[in-house]
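Going by this note's numbering, the sequence shown opens with residue 32, and the numbers climb by one from there. C-beta: ideal position from N, C-alpha, C; glycine also.
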Amino acid sequence: MIGAGWAGLAAASELSNRGCRVTLFESAHTPGGRARQVMDPTLGMIDNGQHLLLGAYEETLRLMARDVPKSVWDQAFTRLPLRLCSSDGQFRMSAPAFSPVWLKQALTLWLAKGFTLKDKWLATQLLRHLKSANGVDGEEQTVTRWLQENRQSERLITFLWEPLCLATLNTDIEQASAWLFQRIIFDALLSQDDSATDLLVPALDLTGLWPEHVCQKVSTQFGHTVREVTPLDNGVSIDGQVFEGCVLAIPAHGVTRLFDQSNQQSNPQLFDVLGGFEYRPITTCYVALDAPFALEEPLLMMRHHHGLNACKAPGQWVFDRNRCQPSSATENGRLAFVISDSLAVLAMSQQDLAQSLVSQLAHELGRNLPQGIAASRSFHEKRATFAAIPHQARPNNVSPWQGIVFAGDWTDTGYPSVLEGAVRSGIKATDGLLAQLHAKRH
Ligand SMILES: Cc1cc2nc3c(=O)[nH]c(=O)nc-3n(C[C@H](O)[C@H](O)[C@H](O)COP(=O)(O)OP(=O)(O)OC[C@H]3O[C@@H](n4cnc5c(N)ncnc54)[C@H](O)[C@@H]3O)c2cc1C
């Protein structure tokens, strides 16, 4: 196994669960990859980025429930029924506690605040259309064009579709893939499973949530950056050590470096695809206030500005970390601001960004925050996700070499770059590898 991100960990978990001996190589000293804990000297244990899971993340939740001790699992998430509210109070949508599911889905939209009756009718039509099309509506195009085709109003786009698209695809709606967006809507908003729309905010740090528990089941080599992978007749050589098989669970842009010229030249198409991804950044800014403060909701949508004005109001979501992580709550306010597709703010200094986000929040809440900023820390993850654009070629899990399979959110999962895609890819890679090894032995 190479790579202890969520894809590699899913593969490691599955392989060890099926009785295989696993050695896991990871460059970093902490498991979790792009979803991992970071110890900050002032703020304590935080994550490299605020993450949000959905009740629809079936495979991720299944593996976590299996691998994590019950005492940890019980306090792993702050689970919230779907509830999207803007910090300026103009928009509010929450799922009522009704069953059956179809009635709950319909009422969620019809009871929303901030839309006209016509908006609600048009959004309902879009969802009905998508449902009858079984989750793939029309040809592949951008999200904007798909929304226009379905006559969605400016308000629906501003308050509902754009925030959801940015949060799940990390790609501007003008560029984002309609099919990938439809997949998320279909699995979450249109699922027959009552809990699929739930928002699951990690209540523990991301490494303690699951990665460290998987690592206890396998042999790990942290701080080992693999430099060379060579397919052999009797297995696979990883930096000179021979294994029966290999799950290569590192980012697409890193795969090329591991193979020599002759392997690259005999598979030009694959290496073109691996080099063909574009990436999008995500910025998370953690802020500790110097006095008590709480939001009315665990998370709120913010009204960010676009383009040149983005630095004035960059925030898209704000999480009240005391409410989301009650076990580590502090007396004073703790907030996490999230900015998807965050190219516009990458050059801002830490202090300017934190100040600008706090001012934006105060403006949208319509009141001054009485508190000052005690400490802040920003993470700019420059390659947070691949750009979820239409017609993006993605390799499947099978590599051209016997005994080597690929895992990673970038493989052809049908999902954008999210944890559930990464985990599913790890499970699929495991199935592929075990089938190959089984066929070889018999
Ligand atoms: C800031 C941020 C916020 C996000 N928010 C969300 C969210 O809210 N919800 C959601 O579902 N998803 C979110 N995502 C996306 C999610 O984190 C990723 O889709 C997922 O973590 C990808 O996992 P992976 O295993 O495919 O890749 P990675 O996590 O990139 O794992 C690859 C691993 O391979 C290791 N590696 C690389 N090269 C080598 C080598 N040569 N030798 C050894 N090891 C190597 C790396 O160190 C890394 O640990 C977010 C991502 C970021 C960055």
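Straight through space, the alpha carbons of Thr-442 and Arg-110 are spaced by roughly 29 Å.
Residue state for Trp-348 is assigned as strand, using DSSP reduced to three classes.
Its chain contains Asp-372, Ser-373, Leu-374, Leu-377, His-411, Glu-412, Lys-413, Arg-414 and Ala-415 as the residues whose beta carbon lies nearer than 8 Å to that of Pro-312, once the 5 sequence neighbours on both sides are disregarded; these appear in chain order.
With fewer than 16 neighbouring CB atoms inside 10 Å of its own CB, Trp-133 falls in the exposed class.
Contact between the region 146-156 and the region 187-198 is present: three or more C-beta pairs spanning the two stretches fall below 8 Å. Between Ala-453 and Gly-439, the C-beta spacing is below 8 Å. Looking at the DSSP output, Ala-367 shares a beta bridge with Tyr-317 and Phe-350. Taking a cut-off of 8 Å for Cβ pairs, the region 53-61 and the region 247-254 touch, as three or more such pairs fall below it. Boundaries of the beta strand (DSSP E) harbouring Thr-251: 250-253, taken from the DSSP string. In this structure, Ser-409 sits away from Lys-248, with a CB-CB distance that is not shorter than 8 Å. Taking C-beta atoms as the reference points, Ile-404 and Leu-320 count as a pair closer than 8 Å. Residues of the same chain with a CB within less than 7 Å of the CB of Ala-42, apart from the 5 flanking positions on each side, are Met-32, Val-278, Ala-280, Ala-438, Gly-457, Ala-460 and Thr-461 in chain order. By the C-beta density criterion, Ala-385 is buried, having at least 16 other C-beta atoms within 10 angstroms. The Cβ atoms of Leu-237 and Gln-68 sit closer than 8 Å to each other. Contact between the region 151-167 and the region 175-185 is established, with three or more Cβ pairs separated by less than 8 Å.
Within the same chain, Ala-87 come within 7 Å of Ser-222 by CB-CB distance, once the 5 residues on both sides are set aside. According to the DSSP secondary-structure assignment, Thr-173 is paired through a beta bridge with Ser-208. In this structure, Glu-90 places its C-beta atom within 8 Å of the C-beta atom of Arg-455.
Pro-323: not part of any alpha helix (DSSP H); DSSP gives it neither H nor E. According to DSSP, Ala-406 shares a beta bridge with Ala-319.
In terms of Cβ geometry, Ala-406 and Leu-113 do not form a close pair [threshold 8 Å]. Gly-36 is bridged by DSSP to Gly-63.
If you draw a straight line from the Cα of Cys-246 to the Cα of His-336, it is about 42 Å long. Between the C-alpha atoms of Thr-315 and Ile-216 there is a straight-line separation of about 24 Å.
In this chain, the alpha helix (DSSP H) harbouring Arg-288 covers 283-289. Beta-carbon to beta-carbon, Leu-326 and Arg-49 are separated by about 44 Å, too far to satisfy the 8 Å threshold. Asn-165 sits exposed, since fewer than 16 C-beta atoms from the chains shown fall within 10 Å of its C-beta. Proximity of the beta carbon of Phe-274 to ligand 1 is not indicated: no heavy atom of the ligand is located closer than 7 Å.
Contact check for Val-167 and Phe-350: beta-carbon distance about 32 Å, past the 8 Å limit, so the pair fails to qualify.
Within the same chain, Cβ atoms closer than 8 Å to the Cβ of Gly-266 are found at Val-273, Phe-274, Glu-275, Gly-276 and Gly-434, the five residues on either side in sequence being excluded.
Cα atoms of Arg-258 and Asn-340: separation of roughly 43 Å, rounded to the nearest angstrom.
Taking Phe-129 as the centre and dropping the five residues before and after it, the same chain places the C-beta of Lys-135 and Leu-138 closer than 8 Å to its C-beta, in chain order. Following the DSSP letters along the chain, one finds Pro-194 inside the alpha helix (DSSP H) bounded by residues 193-200. Between Gln-172 and the set Pro-100, Ser-430, Ile-420 and Thr-287, the nearest pair of CA atoms involves Ile-420.
When distances are taken from the beta-carbon of Val-257 to the heavy atoms of ligand 1, the shortest one is below 7 Å. In this structure, Ala-418 keeps its C-beta atom at 8 Å or more from the C-beta atom of Asn-363.
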